[in-house]
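These protein sequence lines map, in sequence, to chains Z and L. Remember, my numbering sits 240 above the position in the first sequence when you count from 1. Remember, my numbering sits 5 above the position in the second sequence when you count from 1. Backbone N, C-alpha and C define an ideal beta-carbon position, used for all residues, glycine too. For clarity, every value in this text was computed on a predicted model and none was experimentally measured.
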Amino acid sequence: MLILTRKLGETIRIGNEIRITILDAKGRQIKVGIDAPPDVTVHREEVYQIIREQNILAAEAGCYDSTDKNLSHVWNRLKKSKEEVE
Amino acid sequence: MKVSTTRFGDIDVDKSRVIRMKGGMLGFEPLGKYVLLTQDEKTPFWWFQSVEDGSVAFVVINSFAIKPDYKPVISDAEANLLEIASSEDAVLFSVVTIRSDPFAVTANLRAPVMINAKKMLAKQVILVDPDYPVQYPITENSTVLEVKEKAEIIPSVLAI
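Right, here's the structure in full:
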């Protein structure tokens, strides 16, 4: 990992189009400003990981047994359990 | 073109039905082309099937069908990326995680798949708003559900 030390207000440039500026630092919290082209997505790492894991789970669970290939079975099961509760 | 899928066998997908993704589904980034499949009109679920990897398919649902007051904030940059001029151009789908317990079937409201059906472009958008859960239980919450004609939502849906 490349490690750089920056002061408040200073910037790091990645490639031609991405700039990361240190805006504020209070205790253990650092505020970072990011300029990136629209096709570059920027996310908090933990949020990205949660979505990624949920996608993988969803893709696996979709084929969880042979009946689940047919989504009307899944849907009917859902409706039935909802009706039972009500 | 012929697509060999693990779930539905060989399907014939016309080029015009292929949805191109910007950035891919998270965790499936190399895959950029999908097709929406429907099995019948009575369920609000659709399949979002990868054209490039026949084993990858997601169950999706129109986000508004399960949460009529769903109002996610989409950035201009993301709208522009999909060439969305007005909100009518955008359709939002939530990725559904199917589990054997119906009460554990959830939809991801935090990261909807936004589709511009006119341009056949899509992106999985991560919302800034943390109030939209990644695991939103469908059975508990949905007041569901008027099942709209799928072709009304996305004209290029392919029936299987």
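Nearest neighbour of residue i, chosen from the options [CA to CA]
i, options, result
"L:S99", "L:S91, L:S105 and L:V110", "L:V110"
"L:E88", "Z:Q269, Z:L242, Z:P278 and Z:E257", "Z:P278"
"L:L31", "L:A116, L:P138 and L:A164", "L:A116"
"L:L36", "L:I103, L:K76, L:I24 and L:E57", "L:E57"
"Z:V280", "Z:K322, Z:I254, Z:I296 and Z:A265", "Z:I254"
"Z:R259", "Z:I291, Z:E293 and Z:G249", "Z:G249"
Coarse secondary structure for residue i, derived from DSSP in three states
i, result
"Z:K322", "helix"
"L:L114", "strand"
"L:A122", "coil"
"Z:T307", "Here the model assigns Z:T307 a pLDDT of 48, short of 50, so the residue's position is not dependable, and the following value carries that caveat. Three-state result, Z:T307: helix."
"L:T48", "coil"
Residue interval of the beta strand (DSSP E) (run including residue i)
i, result
"L:Y39", "K38 to T43"
"L:Q129", "L126 to Q129"
"L:S99", "A95 to T102"
Status (buried if at least 16 other CB within 10 Å, exposed otherwise) for residue i
i, result
"L:V8", "buried"
"L:S55", "buried"
"L:I159", "buried"
"L:A112", "buried"
"L:L42", "buried"
"L:N85", "exposed"
Beta carbon of residue i nearer than 8 angstroms to that of residue j
i, j, result
"L:N121", "L:A82", "no"
"L:V64", "L:V118", "no"
"Z:A301", "L:R104", "yes"
"L:V144", "Z:L318", "Just to set this straight, residue 144 of chain L is Thr in the shown sequence, not Val. Cβ distance < 8 angstroms, so L:T144 and Z:L318 count as in contact."
"L:L114", "L:Y137", "yes"
"L:T48", "Z:S321", "no"
"L:P77", "L:L132", "yes"
"L:V40", "L:V61", "no"
For residue i, the first and last residue of its enclosing alpha helix (DSSP H)
i, result
"Z:S289", "Sequence inspection shows Gln at residue 289 of chain Z; the Ser mentioned does not correspond to that position. Segment E285 to A301, the alpha helix (DSSP H) holding Z:Q289."
"L:L86", "D81 to L86"
"Z:K266", "Element bounds for Z:K266: not the alpha helix (DSSP H) but the beta strand (DSSP E), I258 to K266."
"L:I158", "K155 to I158"
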